[in-house]
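Peer 1: Order-wise, the sequence lines are chains A and B.
Counting along the first sequence from 1, when you hit position 89 you're at 89 in the working numbering, and nothing is skipped either side.
Counting along the second sequence from 1, when you hit position 22 you're at 129 in the working numbering, and nothing is skipped either side.
Quick reminder that beta carbons are idealized off the backbone N, C-alpha and C, glycines included.
Note that the structure is predicted; figures quoted are calculated from it, not measured.
I have a structure here, written as structure tokens, and I will follow up with some questions on it.
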Amino acid sequence: MVKVTYVAADGTRTDVDAEPGSNVMQTALDNDVDGIVGECGGAMMCATCHCYVDEDWTGATGARNDGEDDMLDCAADEVKPSSRLSCQIKLTEALDGLVVHLPEEQA
Amino acid sequence: MQDIVIIGAGQGGLQAGMSLRQDGFEGNITLIGAEPGLPYQRPPLSKAYLKSGDAGALQLRPESFFEKKQITLVSGTLVDRIDRDARTVQAGQRVFSYDHLILATGTRNLRPPIPGAELALDLRTLEDAARLRDALDRPMRCAVIGGGFIGLEFAAVARALGHEVTVAEAAPRLMARAVSPETSERFLRMHRDMGTEVLLGDPVCEVRADGISLAGGTRIAADLVLMAAGVTPNTELAAAAGLAVDNGVVVDAHMLTADPGISALGDCAVFPDPATGRPVRLESVQAATDHARLISKRLTGKAEAPYDAVPWFWSDQADSKLQIAGLAAAGDATVTRADGAIFRFAGDRLSAVETVNDARTHMLSRKRLAGAPVLRRDLEAAGFDLAEV
Ligand SMILES: Cc1cc2nc3c(=O)[nH]c(=O)nc-3n(C[C@H](O)[C@H](O)[C@H](O)COP(=O)(O)OP(=O)(O)OC[C@H]3O[C@@H](n4cnc5c(N)ncnc54)[C@H](O)[C@@H]3O)c2cc1C
Ligand code: FES
């Protein structure tokens, strides 16, 4: 299991145990975490799974995938250097303890 | 308003329930769906699921979500009647009262009236996809009836898995209803390069236990026949209740039927295209979810604006991700940019942009199409650089 913490825009923290191999978007939906919509199901078509990777974790999550920048351009909330599409962050044991922050708006 | 009933627990029906809660609706929400289990997404059925078989990944929301949001999910239940005077819907012996009703019944596969049609398999539901996946366990000769998105996505997966694949399309080109001739041609080449046999312009006239026959006399041997010849909207309930039906449940620019107590959305709804005003019915995740959000905003009094979302769609076929922004009519002109991006024009107005593996142009197109009309002469002056218009 990989532990992931979602921090909502209002500061509420939700800790969940994720299956390795899943991604940060799917894990949020599977665990009823509000604040991630994931409308296109991870097809990189919607940018409603926008998240900010906690600064302690940006190294471990790595760079954005191909095409992610262009999608993020259309995100509803502010795009920061730490912005990612959470459907593109695949969970591995190396990400155990990951913290992501959620924007106020997704659509 | 106290009771909102949604018929159809698919992509759009679920979104309507979710949006209503998000927009602050505090009354009862009842989501009634004919399929068993939890609502799930269909797009991966012809893509990732056929490869991975991971049904859990399809679920749109977990069971606990429905409790938490107090959305009553009544699954495995087919609604068989709407009583508009009593404001109730009936499913067998069960009766549900509504103050507002949302029709989100989607579509079902079209079965052309040809001998043996019942021998072919479908790809619409999770049950269909699971059956196909099982069949692809051993080497198969697959015949696909219909060269639209779903048929071609299936063909690409089956071929990549090493099966023999033939696609038979009655029209002279692939995906003819939805894309430009240039995009059809590009995908024809790709599928043929993959080793898939594609036969165009010759309708299938018979399905047999050992394959299919085309009107022109060609016989194709196959162990598995997939029927992917289009869909028909589920409008029987609406029609029986006296609502207008014309290739779908007819709604206005607010997704409302002529009955102020009944809205319709998604695959089953015919609505005025915001760009042209002509009635259209779209089969896409985008339309189903944007319709749902609009209906929710209207019912909760959050917004009154007419529907004006830019359509978008995608199709994954082998390594090619086709993305379409906007909506072109059959006769719209086509301009191909040097890098392959395809611009479609209704007269002088940009109507749609088709790209392959080019998310940047796709997203820029969606942004531009959401604003004032983009004119052909301005694009020409800008060398078709969307960032410059
Ligand atoms: C294989 C496949 C691949 C696809 N790929 C893509 C893609 O890549 N991109 C894209 O944008 N779109 C894609 N789509 C289309 C997309 O899935 C649909 O547009 C979307 O699901 C429409 O949502 P909906 O809510 O209108 O209908 P649906 O999701 O189809 O839901 C309708 C539901 O209503 C139920 N129902 C019908 N009548 C009744 C009744 N009388 N009582 C109770 N329940 C009833 C049905 O059982 C069904 O579950 C694909 C579809 C398929 C089948
Ligand atoms: S879920 Fe749509 S882009 Fe991530």
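Going by C-alpha to C-alpha distance, which of B:T303, B:A116, B:P340 and B:T137 sits closest to G258 of chain B?
Peer 2: Here residue 258 of chain B refers to the residue found at position 151 when the second sequence is read from its first residue. Considering only alpha carbons, the answer is B:T303.
Peer 1: Which term fits Q200 of chain B, buried or exposed, when burial requires 16 or more other beta carbons within 10 angstroms of its beta carbon?
Peer 2: In the second sequence, residue 200 of chain B corresponds to position 93, counting from 1. It is exposed - the Cβ of Q200 of chain B has fewer than 16 other Cβ atoms within 10 Å.
Peer 1: Check each candidate in B:R475, B:V460, B:V481 and B:W421 and name the one with the smallest Cα separation from K154 of chain B.
Peer 2: Numbered from its first residue, the second sequence carries residue 154 of chain B at position 47. The shortest Cα separation from K154 of chain B among B:R475, B:V460, B:V481 and B:W421 belongs to B:W421.
Peer 1: Return the first residue and the last residue of the beta strand (DSSP E) that I257 of chain B is part of.
Peer 2: Position 150 of the second sequence holds residue 257 of chain B. That residue, I257 of chain B, is in no beta strand (DSSP E); its alpha helix (DSSP H) goes F256 to A267.
Peer 1: Is Q197 of chain B close to ligand 1? I mean its beta-carbon at under 7 Å from any heavy atom of the ligand.
Peer 2: Within the second sequence, residue 197 of chain B is the residue found at index 90, counting from 1. No.
Peer 1: What separation, rounded to the nearest whole angstrom, lies between the Cα atoms of A459 of chain B and A448 of chain B?
Peer 2: As a first step, residue 459 of chain B must be located in the second sequence, where it is residue number 352. As a first step, residue 448 of chain B must be located in the second sequence, where it is residue number 341. Computed Cα separation, rounded: 11 Å.
Peer 1: List the residues of chain A whose Cβ lies closer than 7 Å to the Cβ of M470 of chain B, in chain order.
Peer 2: One-based indexing of the second sequence puts residue 470 of chain B at position 363. Within chain A, the residues near M470 of chain B are D70, M71, D73 and C74.
Peer 1: Hey, is K175 of chain B's beta-carbon within less than 8 Å of any beta-carbon in chain A?
Peer 2: As a first step, residue 175 of chain B is located in the second sequence; it is residue number 68 there, counting from the start. Judged by the 8 Å Cβ criterion, K175 of chain B is in contact with chain A.
Peer 1: I need the straight-line Cα distance from W419 of chain B to A242 of chain B, nearest angstrom please.
Peer 2: Here residue 419 of chain B refers to the residue found at position 312 when the second sequence is read from its first residue. Here residue 242 of chain B refers to the residue found at position 135 when the second sequence is read from its first residue. Their backbone Cα atoms lie some 32 Å apart in a straight line.
Peer 1: What are the boundary residues of the alpha helix (DSSP H) that A237 of chain B is part of?
Peer 2: As a first step, residue 237 of chain B is located in the second sequence; it is residue number 130 there, counting from the start. That run of the alpha helix (DSSP H) goes L233 to A242.
Peer 1: Residues of chain B with CB closer than 9 Å to the CB of C49 of chain A, please, in chain order.
Peer 2: For the purposes of this step, residue 49 of chain A is identified with residue 49 of the first sequence, where counting begins at 1. Within 9 Å Cβ-Cβ: nothing; C49 of chain A doesn't reach chain B, min ~13 Å.
Peer 1: Considering Cα atoms alone, identify which of B:S370, B:Q166 and B:Q129 is closest to D30 of chain A.
Peer 2: What you label residue 30 of chain A is simply residue 30 of the first sequence in a count that begins at 1. Considering only alpha carbons, the answer is B:Q166.
Peer 1: Using a Cβ-Cβ cut-off of 6 Å (strictly less than) and excluding sequence neighbours within five positions of A277 of chain B, which residues of its own chain qualify?
Peer 2: On the second sequence, position 170 is the one that residue 277 of chain B refers to. These residues qualify, in order along the chain: P310.
Peer 1: Going along chain B in order, which residues have a C-beta closer than 7 Å to the C-beta of L29 of chain A?
Peer 2: Locating residue 29 of chain A in the first sequence gives position 29, where the first residue counts as 1. Near L29 of chain A (Cβ distances below 7 Å), the residues of chain B are R168.
Peer 1: Rounded to whole angstroms, how far is the Cβ of Y205 of chain B from the Cβ of R194 of chain B, which I believe are closer than 8 Å?
Peer 2: Indexing the second sequence from 1 puts residue 205 of chain B at position 98. Indexing the second sequence from 1 puts residue 194 of chain B at position 87. At roughly 5 Å, the Cβ-Cβ gap stays under 8 Å, so Y205 of chain B and R194 of chain B are in contact.
Peer 1: Helix, strand or coil: how does DSSP classify C87 of chain A here?
Peer 2: One-based indexing of the first sequence puts residue 87 of chain A at position 87. It is helical.
Peer 1: Any contact between the region 347–365 of chain B and the region 93–106 of chain A? By contact I mean 3 or more CB pairs, one from each, below 8 Å.
Peer 2: Short answer: they don't touch.
Peer 1: Select from the region 143–172 of chain B all residues with a C-beta closer than 9 Å to any C-beta belonging to chain A, and list them in chain order.
Peer 2: Residues passing the 9 Å Cβ filter: Q148, P150, P151, K154, A155, G163, A164, L165, Q166, L167, R168, P169, S171 and F172.
Peer 1: Between which two residues does the beta strand (DSSP E) containing D30 of chain A stretch?
Peer 2: By 1-based counting over the first sequence, the position of residue 30 of chain A is 30. No beta strand (DSSP E) holds D30 of chain A; the alpha helix (DSSP H) holding it covers V24 to D30.
Peer 1: Apart from the five residues on each side of it in sequence, which residues of its chain come closer than 6 Å, Cβ to Cβ, to R218 of chain B?
Peer 2: By one-based count along the second sequence, residue 218 of chain B stands at place 111. Around R218 of chain B: A224.
Peer 1: Would you mind reading off the limits of the beta strand (DSSP E) that contains Q424 of chain B?
Peer 2: Counting from 1 along the second sequence, the entry for residue 424 of chain B is found at position 317. W419 to Q424 is the extent of the beta strand (DSSP E) around Q424 of chain B.
Peer 1: Between the region 205–217 of chain B and chain A, which residues of the former have CB atoms less than 8 Å from a CB of the latter, in chain order?
Peer 2: Answer in chain order: no residues at all.
Peer 1: What do you reckon, are the CB atoms on I111 of chain B and I139 of chain B nearer than 8 Å?
Peer 2: Against the second sequence, residue 111 of chain B aligns to sequence position 4. Against the second sequence, residue 139 of chain B aligns to sequence position 32. Going by C-beta atoms, I111 of chain B is not nearer than 8 Å to I139 of chain B.
Peer 1: Does the beta carbon of M44 of chain A sit closer than 8 Å to a beta carbon anywhere in chain B?
Peer 2: Within the first sequence, numbered from 1, the residue matching residue 44 of chain A stands at position 44. Yes, M44 of chain A lies at the interface with chain B (some Cβ there is under 8 Å from its Cβ).
Peer 1: Just confirm the distance between the C-beta atoms of A123 of chain B and S403 of chain B, as a whole number of angstroms; I'd bet it's less than 8 Å.
Peer 2: Within the second sequence, the letter at position 16 stands for residue 123 of chain B. Within the second sequence, the letter at position 296 stands for residue 403 of chain B. Contact holds; Cβ gap of about 6 Å.
Peer 1: At a Cβ threshold of 8 Å, is Q106 of chain A touching chain B?
Peer 2: Mapped onto the first sequence, residue 106 of chain A falls at position 106. Chain B, which has no Cβ nearer than 8 Å to the Cβ of Q106 of chain A, makes this no.
Peer 1: I319 of chain B to L152 of chain B, Cα distance in whole Å?
Peer 2: Residue 319 of chain B sits at position 212 when you count from the first residue of the second sequence. Residue 152 of chain B sits at position 45 when you count from the first residue of the second sequence. So the two alpha carbons sit approximately 24 Å from each other.
Peer 1: Out of B:H207, B:P279 and B:A336, which has the shortest C-alpha to C-alpha gap to R231 of chain B?
Peer 2: Against the second sequence, residue 231 of chain B aligns to sequence position 124. Residue B:A336 is the option with its Cα nearest to R231 of chain B.
Peer 1: Would the C-beta of C51 of chain A count as close to ligand 2, meaning under 7 Å from any of its heavy atoms?
Peer 2: The residue labelled residue 51 of chain A in the question sits at position 51 within the first sequence. Flag unset: Cβ of C51 of chain A not near ligand 2.
Peer 1: Roughly how far, in whole angstroms, is the beta-carbon of A63 of chain A from the beta-carbon of A94 of chain A, given that I think they are within contact range, below 8 Å?
Peer 2: For this step, residue 63 of chain A is matched to residue 63 along the first sequence. For this step, residue 94 of chain A is matched to residue 94 along the first sequence. A63 of chain A to A94 of chain A, Cβ: 15 Å. No contact.
Peer 1: Using only the heavy atoms of ligand 1, determine whether one of them is closer than 7 Å to the beta carbon of T383 of chain B.
Peer 2: In the second sequence, residue 383 of chain B corresponds to position 276, counting from 1. No, the beta carbon of T383 of chain B sits no closer than 7 Å to any heavy atom of ligand 1.
Peer 1: Taking 7 Å as the limit, name every residue whose beta carbon sits nearer than that to some heavy atom of ligand 2, in sequence order.
Peer 2: Counting every residue whose Cβ lies closer than 7 Å to a heavy atom of ligand 2, we get A:M25, A:G38, A:E39, A:C40, A:G41, A:G42, A:A43, A:M44, A:M45, A:C46, A:A47, A:T48, A:C49, A:M71, A:L85, A:S86, A:C87 and A:Q88.
Peer 1: Hey, is V264 of chain B's beta-carbon within less than 8 Å of any beta-carbon in chain A?
Peer 2: For this step, residue 264 of chain B is matched to residue 157 along the second sequence. It does not; no Cβ of chain A falls within 8 Å.
Peer 1: Where do the N-terminal and C-terminal ends of the beta strand (DSSP E) with V314 of chain B fall, by residue?
Peer 2: Mapped onto the second sequence, residue 314 of chain B falls at position 207. Note, V314 of chain B: beta strand (DSSP E), V311 to R315.
Peer 1: Any C-beta of chain A within less than 8 Å: which residues of the region 473–492 of chain B qualify?
Peer 2: Correct list: R473 and K474.
Peer 1: P20 of chain A bridges to which residues according to DSSP?
Peer 2: Within the first sequence, residue 20 of chain A is the residue found at index 20, counting from 1. None, per the DSSP bridge assignment.
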